[in-house]
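Sequence positions in the sequence shown follow numbering that gives the first Met the number 0 and run 0 to 114.
Virtual Cβ for every residue (Gly too), placed ideally from N, Cα, C.
A short worksheet on the structure shown next.
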Amino acid sequence: MICFHIVEYFIEERNFPLQNGLMSSFPYILQSAVGCLGGFISDEAIKKGLVTPIFARKLCNMLGCLGSITGLVISSVAGCDITVQIASFGITMTAGGLWYCSYMITYLDISPEYA
0 MICFHIVEYF IEERNFPLQN GLMSSFPYIL QSAVGCLGGF ISDEAIKKGL
50 VTPIFARKLC NMLGCLGSIT GLVISSVAGC DITVQIASFG ITMTAGGLWY
100 CSYMITYLDI SPEYA
């Protein structure tokens, strides 16, 4: 839900006009980059035999959830400082990228011959 309403939140709740497209797209860019990078690192660790696929998925899921919680807590105590708000939502959505690289691959893990 955060990723769909972040612009509305900044405009309506924080009274910050997002006229700069980079500021409003910053969390989405980070989420995409970390999702791809996390998936690549996770796959390489599995290929080299450093971790099992289940451990890699659980680790990415745990880091994604803990990062999202951290970003939301920072956002709730940040007050009206828009720089901290954008950074905290960046942390939240960046961690969401780690969550995607663990969650979206489970379909392939469950039934690889049909994926």
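>> For the segment 82-95 against the segment 24-36, do three or more pairs of beta-carbon atoms, one drawn from each stretch, fall closer than 8 Å, so that the two count as touching?
In response: yes
> Once you ignore the five residues that flank Leu71 on each side, which residues in its own chain have a CB closer than 7 Å to its CB?
Replying inline: Counting from 1 along the sequence shown, the entry for residue 71 is found at position 72. Here the set comprises Thr91.
>> Could you tell me the alpha carbon to alpha carbon distance between Tyr27 and Ile85, rounded to whole angstroms?
In response: For the purposes of this step, residue 27 is taken as residue 28 along the sequence shown, with counting starting at 1. For the purposes of this step, residue 85 is taken as residue 86 along the sequence shown, with counting starting at 1. Using only the alpha carbons, I get a separation of about 11 Å.
>> Tell me the rounded alpha-carbon separation between Thr69 and Ser75.
In response: Locating residue 69 in the sequence shown gives position 70, counting from the first residue. Locating residue 75 in the sequence shown gives position 76, counting from the first residue. Going from the Cα of Thr69 to the Cα of Ser75 covers about 10 Å.
> Quick one: is Gly48 buried, meaning 16 or more other Cβ sit within 10 Å of its Cβ, or exposed?
Replying inline: Here residue 48 refers to the residue found at position 49 of the sequence shown. Counting Cβ neighbours within 10 Å, Gly48 comes out exposed, since fewer than 16 surround it.
>> Quick check on this structure: which residue in Glu112, Phe15 and Leu107 has the alpha carbon closest to the alpha carbon of Asp42?
In response: Against the sequence shown, residue 42 aligns to sequence position 43. Closest option to Asp42, Cα to Cα, is Leu107.
> CB-CB under 6 Å to Gly38, same chain, minus the five flanking residues each way: which ones, in chain order?
Replying inline: Locating residue 38 in the sequence shown gives position 39, counting from the first residue. Only Cys100 meet the Cβ criterion.
> Exposed or buried, which one is Ser24 when buried takes at least 16 other CB atoms within 10 Å?
Replying inline: Position 25 of the sequence shown, counting from 1, holds the residue named residue 24. Ser24 should be labelled exposed.
> Closest by CA to Gly66, which one among Gly78, Met22, Trp98 and Ser110?
Replying inline: On the sequence shown, position 67 is the one that residue 66 refers to. The shortest Cα separation from Gly66 among Gly78, Met22, Trp98 and Ser110 belongs to Trp98.
> Just the Cα atoms here: how many angstroms apart are Ser110 and Ile104?
Replying inline: Locating residue 110 in the sequence shown gives position 111, where the first residue counts as 1. Locating residue 104 in the sequence shown gives position 105, where the first residue counts as 1. Their Cα atoms are separated by approximately 11 Å.
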